[in-house]
Amino acid sequence: MRSRRIALVAATALGSLALVLGSSSTAQADTRPPLTKAECTASGGTIIPLGLTGVCMWFNADGTRDSAVITDWL
């Protein structure tokens, strides 16, 4: 039972990560540097939890998306 729960959490985290990384536009050449949860919120980003880590996602006016890793997740 415990191994099924761990497998489910791992699959969910990997699926979420693939969704976030797959949704980023190829028009953005540079990635943003890592930042804290407070900096993400203050800059208008959306915090997306991915299990043991988190990602900050910005939806730009031109339809592109940027993302950065959150450094103070745990």
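Residues -29 to -1, 1 to 45 in mature numbering (1 follows the signal peptide of the UniProt record, and there is no 0) are what the sequence shown lists, from first letter to last. Where is the CB? At the ideal position from N, CA and C, for every residue including glycine.
Got a sec? Which residues, its chain only, sit under 8 Å from T(-4) by beta carbon, not counting five neighbours each side? With a pLDDT of 45 at T(-4), under the threshold of 50, the predicted position of this residue should be treated as unreliable, and no value is reported.
Tell me the DSSP bridge mates of T24? L21
DSSP on A13, reduced to helix/strand/coil? helix
Hey, could you find the ends of the beta strand (DSSP E) D43 is sitting in? Premise fails: D43 is in no beta strand (DSSP E) and is neither H nor E.
On the criterion of 16 or more Cβ atoms from any shown chain inside 10 Å, does L23 qualify as buried, or is it exposed? exposed
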